[in-house]
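So the sequence shown is numbered by my numbering: it starts at 992 and just counts up by one. Glycine is no exception: its CB is placed at the ideal position from the N, C-alpha and C atoms. Values in this document were obtained by computation on a predicted structure and should not be read as measured data.
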Amino acid sequence: MDAPGWLSRHHAEVPAGCEWLGPNELRVCSGLRTELRRASWRLGRWTAKAAIGAVHGLAPAEVQVIAAADGAPEAWVGDRRLPLSLTLSHRAGFAVAGISEVPGAVGCDLELVEPRSGAFVREWLSPSEQRLVAGQPQDAQALVVNLIWSAKEAAAKVRREGLRLDLRRAEVTAEGLEAEIGGWRPLAVYWEDSRGLTRGWWRTIDEWVLVIAAEPTPAIPRELVRSEPTIWRTT
Ligand SMILES: CC(C)(COP(=O)(O)OP(=O)(O)OC[C@H]1O[C@@H](n2cnc3c(N)ncnc32)[C@H](O)[C@@H]1OP(=O)(O)O)[C@@H](O)C(=O)NCCC(=O)NCCS
């Protein structure tokens, strides 16, 4: 069973310049309309490149992270696509990248643990998911709603579909909701279509909830080494 690698980066860690981006990435970046979108895109690229660098020892400028036609990120060195599955998520100045080297696909999603409206819960959560939320203490409900949503999005990224799938047709079960201690806990996303189960893991990091899912079923994700070698320093 493969353990996907993961790491996180904050907005403040992204170098100010563009010398760590490749020509195709620069083209994409210059086409992004708003400063906010550029900032989150750059944060995602920096985080993905950190994950690739931790696994393959490549410097940021040596690898390009380009969206495939379906939107999923892929890693390229020149015209050679690296044989790995890559996933990324960015939210409120924080990003996570996941990486797996076994044939298959990995998907991650990051959400801020913040209150969601009753309308959101009724629209996107199944009746049994809504019961799970309602059964939690008041102060834990925001975590569980965001966890469920994050699990659906991560599993949809495993399928390389994202919101093209109807996430109301995915049902999440998660373990360890009552546990006080942090760390990874298992979850499963059951698809009502013929796809069956996508399994993954969830944890909190400060005020975020993070899900990493994969097919085939992943082992507990391993955090990639955060300390960056000299080749990573671009200034
Ligand atoms: C995948 C998706 C659910 C993520 O949305 P989100 O939760 O708001 O954002 P996150 O930060 O968690 O994830 C964004 C990343 O998911 C990745 N992603 C996008 N589409 C993906 C797909 N089909 N499969 C896997 N990963 C995908 C990208 O790397 C993207 O980051 P980037 O755009 O900076 O490269 C959403 O972008 C989506 O549904 N995309 C596919 C449908 C689509 O293309 N709609 C048109 C949008 S204009």
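Three-state secondary structure assigned by DSSP to residue i
{"i": "residue 1222", "result": "Low per-residue confidence applies at residue 1222: pLDDT is 45, beneath 50, and the placement is therefore not dependable enough to give any value."}
{"i": "residue 1038", "result": "helix"}
{"i": "residue 997", "result": "strand"}
{"i": "residue 1212", "result": "coil"}
{"i": "residue 956", "result": "Outside the shown range of the chain, which is 992 to 1226, sits residue 956, and nothing can be said about it."}
{"i": "residue 1031", "result": "helix"}
{"i": "residue 992", "result": "coil"}
{"i": "residue 1065", "result": "strand"}
{"i": "residue 1021", "result": "helix"}
{"i": "residue 1187", "result": "strand"}
{"i": "residue 1045", "result": "helix"}
{"i": "residue 1015", "result": "helix"}
Cβ neighbour criterion (16 or more within 10 Å) applied to residue i
{"i": "residue 1206", "result": "buried"}
{"i": "residue 1008", "result": "exposed"}
{"i": "residue 1119", "result": "exposed"}
{"i": "residue 1189", "result": "buried"}
{"i": "residue 961", "result": "Only positions 992 to 1226 of the chain appear in the structure, and residue 961 is not among them; the question remains open."}
{"i": "residue 1031", "result": "buried"}
{"i": "residue 1043", "result": "buried"}
{"i": "residue 1216", "result": "exposed"}
{"i": "residue 1110", "result": "exposed"}
{"i": "residue 1081", "result": "buried"}
{"i": "residue 1051", "result": "buried"}
{"i": "residue 1172", "result": "exposed"}
{"i": "residue 1137", "result": "buried"}
{"i": "residue 1191", "result": "buried"}
{"i": "residue 1129", "result": "exposed"}
{"i": "residue 1170", "result": "exposed"}
Bridge partner(s) assigned by DSSP for residue i
{"i": "residue 1193", "result": "1176 and 1202"}
{"i": "residue 1026", "result": "Beta-bridge pairing links residue 1026 to no other residue."}
{"i": "residue 1086", "result": "1000 and 1081"}
{"i": "residue 1052", "result": "Note: residue 1052 sits in no beta bridge, so no partner."}
{"i": "residue 1182", "result": "1161 and 1187"}
{"i": "residue 1058", "result": "1064"}
Cβ distance (whole Å) where residue i is taken to contact residue j below 8 Å
{"i": "residue 1034", "j": "residue 1066", "result": "Incorrect: roughly 17 Å between the Cβ atoms, too far for contact."}
{"i": "residue 1178", "j": "residue 1202", "result": "7 Å"}
{"i": "residue 1090", "j": "residue 1209", "result": "11 Å between Cβ atoms; not a contact."}
{"i": "residue 1212", "j": "residue 1175", "result": "6 Å"}
{"i": "residue 1200", "j": "residue 1180", "result": "Residue 1200 to residue 1180, Cβ: 15 Å. No contact."}
{"i": "residue 1088", "j": "residue 1077", "result": "7 Å"}
{"i": "residue 1124", "j": "residue 1112", "result": "6 Å"}
{"i": "residue 1046", "j": "residue 1068", "result": "Going by Cβ atoms, the distance from residue 1046 to residue 1068 rounds to 13 Å, so no, they are not a contact pair."}
{"i": "residue 1142", "j": "residue 1204", "result": "7 Å"}
{"i": "residue 1038", "j": "residue 998", "result": "7 Å"}
{"i": "residue 1159", "j": "residue 1117", "result": "7 Å"}
Contact test: residue i Cβ vs ligand 3 heavy atom, cutoff 6 Å
{"i": "residue 996", "result": "Ligand 3 is not among the ligands present in this structure, which contains only ligand 1."}
Q) Which ranges would you report for the beta strand (DSSP E) in the region 1089 to 1162 if only whole runs of at least 3 residues count? A) Listed in chain order, the beta strand (DSSP E) elements of length 3 or more contained wholly in the region 1089 to 1162 are 1096 to 1103.
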